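In my numbering, the protein residues as written are 148 to 245.
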């Protein structure tokens with residue numbers, strides 16, 4: 148990657164730990180300061196948290212811009228991390244366990 152470019156990334160988090168995702172965000176930030184732009188398809192709430200990112204969600208209703216906190220990925224991650232025991236209990240009571 149170098150400055151003043153347009154980068155299209157498809158799930159860059161796929162093989163990255165959360166720590167490495169943060170490292171990617173740091174590099175993105177440096178490149179954005181050099182006038183680069185990014186279009187990223189991601190499921191990562193870490194990457195979606197980039198400041199001032201425009202987030203679009205594809206649903207059966209079409210494509211629409213959404214706030215970070217309104218993304219399904221953010222809500223699921225927040226709920227799980229705030230109370231993993233409760234989340235797992237609900238998940239397993241719904242008959243979805245192995």
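In this text, a Cβ means the ideal position worked out from N, Cα and C, and glycines have one as well.
Keep in mind the model is a prediction, meaning the values are calculated, not measured.
Endpoints, alpha helix (DSSP H) assigned at residue i
i: residue 206; result: That residue, residue 206, is in no alpha helix (DSSP H); its beta strand (DSSP E) goes 202-206.
i: residue 217; result: Taken as a continuous stretch (DSSP letters only), residue 217 belongs to no alpha helix (DSSP H), as it is neither H nor E.
i: residue 163; result: No alpha helix (DSSP H) holds residue 163; DSSP gives it neither H nor E.
i: residue 192; result: 192-195
Three-state secondary structure (DSSP) of residue i
i: residue 244; result: For residue 244, the predicted model reports a pLDDT of 49, less than 50, meaning its position is unreliable; a value from the coordinates is still stated below. Three-state result, residue 244: coil.
i: residue 132; result: In the structure as shown, the chain starts at 148 and stops at 245, and residue 132 therefore has no counterpart that could be examined.
i: residue 185; result: strand
i: residue 199; result: coil
Terminal residues of the beta strand (DSSP E) in which residue i lies
i: residue 209; result: 209-213
Contacting residues, own chain, Cβ-Cβ under 8 Å from residue i (five flanking each side not counted)
i: residue 218; result: 192, 195, 202, 204
Heavy atom of the ligand GTP within 7 Å of residue i beta-carbon
i: residue 214; result: Within the structure as shown, the ligand GTP is missing, as the structure has no ligands at all.
Distance between beta carbons of residue j and residue i, contact taken as under 8 Å
i: residue 150; j: residue 182; result: 6 Å
Spatial neighbours of residue i in its chain, beta-carbon cut-off 7 Å, leaving aside the 5 residues before and after
i: residue 165; result: 193
Touch check for the segment 153-170 and the segment 180-191: three-plus C-beta pairs under 8 Å? With a cut-off of 8 Å, the segment 180-191 and the segment 153-170 count as touching, because enough Cβ pairs lie within range.
Using 8 Å as the threshold, is the segment 201-216 in touch with the segment 168-183, meaning 3 or more CB pairs across them? no
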